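S.K.:
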Amino acid sequence: MEKGRATFNEGSMWTIGRDSKVNFWWENWTGKGALRYMIQGPLTQGADKWKVGDILSDLCWDWDRIPFEIPPQVKSIIQTTPIPFTSRDQDKLAWSGNPRGIFDLRSAYSITTKEVFAPPFNYAWIWKLQTLPRIKTFLWLCTHNSIGVKVCLAKRGVVVDELCLICQREPESIIHAIRDCAWVKAVWVQLGVSISNQAFWMSNLQEWISLNGKTNSSSDRELWGLREGLLLCCNLNIDSLVVELDAQAVVEIFKNATYVNNVISPLLDDCRRLTARFHRIRFNHCYRQANRCADLLARMGAIQDVDFISFSSPAMDICNAFEDDCDGVLFNRMCPVLDVIV
Numbered sequence: 001m002e003k004g005r006a007t008f009n010e011g012s013m014w015t016i017g018r019d020s021k022v023n024f025w026w027e028n029w030t031g032k033g034a035l036r037y038m039i040q041g042p043l044t045q046g047a048d049k050w051k052v053g054d055i056l057s058d059l060c061w062d063w064d065r066i067p068f069e070i071p072p073q074v075k076s077i078i079q080t081t082p083i084p085f086t087s088r089d090q091d092k093l094a095w096s097g098n099p100r101g102i103f104d105l106r107s108a109y110s111i112t113t114k115e116v117f118a119p120p121f122n123y124a125w126i127w128k129l130q131t132l133p134r135i136k137t138f139l140w141l142c143t144h145n146s147i148g149v150k151v152c153l154a155k156r157g158v159v160v161d162e163l164c165l166i167c168q169r170e171p172e173s174i175i176h177a178i179r180d181c182a183w184v185k186a187v188w189v190q191l192g193v194s195i196s197n198q199a200f201w202m203s204n205l206q207e208w209i210s211l212n213g214k215t216n217s218s219s220d221r222e223l224w225g226l227r228e229g230l231l232l233c234c235n236l237n238i239d240s241l242v243v244e245l246d247a248q249a250v251v252e253i254f255k256n257a258t259y260v261n262n263v264i265s266p267l268l269d270d271c272r273r274l275t276a277r278f279h280r281i282r283f284n285h286c287y288r289q290a291n292r293c294a295d296l297l298a299r300m301g302a303i304q305d306v307d308f309i310s311f312s313s314p315a316m317d318i319c320n321a322f323e324d325d326c327d328g329v330l331f332n333r334m335c336p337v338l339d340v341i342v
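The sequence shown runs contiguously to residue 342 in UniProt numbering.
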């Protein structure tokens, strides 16, 4: 037991309750490690003993409680860590080496032996991502320098000039083509990536793909949006509800009452409690073409400054899609099954 303490400490994390007693600075409750190691300089007197619950106020983060400025990328990590709304659940331990937060020996062994046995870059996880096959293939080709950008082609003797045709400033490497080119960088900023996010902009290609591929979960985002939608429906006293999601994995979760995920339990438990308030509720899978309003709202949310906005009438950006829904406009799409909403 004592020999395994270091492995346990490195692999474990907390999922927090509303009255969390987890140390704000020194314990891993965001899934990214202790916050203390993400900031520089000394803490104010007594700050090292703060609990997460001390910085929470009415389900919001009380930034005024912290007497110094937190780096934007650290604040973003905190804001994207879910907290429960519908109950005051206790803090729970989860295993960060498993997508469902359940301890497994394989990941524990990997943590224990990583310095000696693990290869420098292992991208087998790419094929396990819940995304389109062509995206997995693209990421795999990027990690193996097999994309047809000028730098890769020059190494094979195909081209001589490596200069980027778009910006005419730097060699067209893979990381330049998908992130660092001035024209591409403007797109990332428009999508909501902060210029001050050093972890996003300063990492090399391998680190960048791992950071943005392994740590992001579409199920987390879908559950977060679902919780907000269910809360709105409860406040409107809606009795019966049909929920249409373009995330098949989330639909399957609610069809399986025994499904457990300790990592996202604050979101999942909230959603389950909220669904119990409806007399009748059904979850259906639909494709993005049938969910255009939600898709456009998600894109708007990626660039807005506030955490949440409730519209009393359709926003201008979604009016066309909303009218198409009202008019019953249909879209063609190749589907693997027949019983879907298109």
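Built from N, CA and C at the ideal position, the CB exists for glycine as well.
The structure displayed is predicted, hence computed values, not measured ones.
Would you tell me roughly how many angstroms separate the C-alpha atoms of Thr112 and Lys32, rounded to the nearest one?
M.R.: Using only the alpha carbons, I get a separation of about 18 Å.
S.K.: With burial defined as no fewer than 16 other Cβ atoms inside 10 Å of the residue's Cβ, what is the status of Glu207: buried or exposed?
M.R.: Exposed: under 16 other Cβ atoms inside 10 Å.
S.K.: For Ile18 and Lys150, what's the separation of their Cα atoms in angstroms?
M.R.: For clarity, residue 18 is Arg in the given sequence; the question names Ile instead. C-alpha separation (whole angstroms): 52 Å.
S.K.: Nearest by alpha-carbon distance to Ala94: which of Ile178, Pro171, Val263 is it?
M.R.: It is Val263.
S.K.: Please state the DSSP three-state secondary structure of Ala94.
M.R.: If DSSP states are grouped into helix, strand and coil, Ala94 belongs with the strands.
S.K.: Does the region 30-50 come close enough to the region 62-78 to have 3 or more Cβ pairs within less than 8 Å?
M.R.: Yes, the region 30-50 touches the region 62-78.
S.K.: How would you label His176, buried or exposed, when you count the other beta carbons within 10 angstroms and need 16 or more for buried?
M.R.: The residue is buried, with at least 16 neighbouring Cβ atoms inside 10 Å.
S.K.: Report all residues from its chain with a CB closer than 7 Å to the CB of Ile166; omit the five preceding and five following residues, and keep chain order.
M.R.: Excluding residues within five positions, the ones whose Cβ falls inside 7 Å are Cys181, Trp183.
S.K.: Sorted by chain position, which residues of the same chain lie with C-beta nearer than 8 Å to Thr44's C-beta, five sequence neighbours on each side aside?
M.R.: Counting only Cβ-Cβ distances below 8 Å, and skipping sequence neighbours, we find Pro67, Phe68.
S.K.: Which residues share a DSSP beta bridge with Ile209?
M.R.: None; Ile209 has no bridge partner.
S.K.: Residue range of the beta strand (DSSP E) that Leu153 falls in?
M.R.: Unbroken run through Leu153 is the alpha helix (DSSP H), 150-155; no beta strand (DSSP E).
S.K.: Taking the straight line between their C-alpha atoms, what separation do you get for Thr86 and Leu132?
M.R.: Rounded to whole angstroms, Thr86 to Leu132 spans 34 Å at the Cα level.
S.K.: Fully enclosed by the region 23-107, which beta strand (DSSP E) runs are 3 residues long or longer?
M.R.: The qualifying runs are 92-95.
S.K.: Name the residue from Asp48, Lys128, Asn9, Ile16 whose alpha carbon lies nearest to the alpha carbon of Trp26.
M.R.: Ranking the options by Cα distance to Trp26, first place goes to Asp48.
S.K.: Taking the alpha carbon of Leu268 as the reference point, which residue from Ala124, Pro82, Gly46, Asn204 has its own alpha carbon closest?
M.R.: Of the listed residues, the one whose Cα sits closest to Leu268 is Pro82.
S.K.: Using beta-carbon positions only, say whether Thr7 and Ser265 come within less than 8 Å of one another.
M.R.: Result no, Cβ atoms of Thr7 and Ser265 do not sit closer than 8 Å.
S.K.: Would you kindly report the start and end of the unbroken beta strand (DSSP E) that includes Ile253?
M.R.: Note, Ile253: premise wrong, no beta strand (DSSP E); alpha helix (DSSP H) at 248-255.
S.K.: Would you mind sorting Leu330 into buried or exposed? The rule is 16 or more other CB atoms within 10 Å of its CB.
M.R.: It counts as exposed.
S.K.: Name the two residues that bound the continuous beta strand (DSSP E) containing Phe283.
M.R.: First-last of the beta strand (DSSP E) with Phe283: 280-285.
S.K.: Enumerate in chain order the residues of its own chain whose CB-to-CB distance from Leu338 is below 6 Å, with the five nearest sequence positions on each side excluded.
M.R.: Unreliable placement is indicated for Leu338, whose pLDDT of 49 sits below 50; the coordinate value is still reported in the next sentence. Closer than 6 Å at Cβ, skipping near neighbours: no residue.
S.K.: Return the CA-CA distance between Cys326 and Ser173, expressed in angstroms with no decimal places.
M.R.: Taking the straight line from one Cα to the other gives about 46 Å.
S.K.: Assign Asp270 to one of two classes, buried (16 or more other C-beta atoms within 10 Å of its C-beta) or exposed (fewer than that).
M.R.: Asp270 comes out buried.
S.K.: In whole angstroms, give me the CA-to-CA distance for Gly157 and Pro171.
M.R.: Near 15 Å, if we compare the C-alpha coordinates of Pro171 and Gly157.
S.K.: Does the Cβ-Cβ distance between Gly11 and Asn261 come in under 8 Å?
M.R.: No, they are not a contact pair.
S.K.: Measuring only the C-alpha atoms, how far is Ala290 from Asp58?
M.R.: Approximately 36 Å between the Cα atoms of the pair.
S.K.: Spell out a yes or no on whether the region 291-300 and the region 313-324 are touching, meaning 3 or more CB-CB pairs, one atom from each, closer than 8 Å.
M.R.: The region 291-300, when compared against the region 313-324, does touch it at the 8 Å Cβ threshold.
S.K.: The alpha helix (DSSP H) that contains Trp14, what's its start and end?
M.R.: From DSSP, Trp14 is part of no alpha helix (DSSP H) but of the beta strand (DSSP E) over 12-15.
S.K.: Which of helix, strand or coil does DSSP assign to Leu223?
M.R.: The answer is helix: DSSP assigns Leu223 an H, G or I state.
S.K.: Using DSSP bridges, identify the partner residues of Val243.
M.R.: Answer is Phe283, bridged to Val243.
S.K.: Cβ atoms of Val250 and Leu223: under 8 Å apart, would you say?
M.R.: Yes. Within cutoff.
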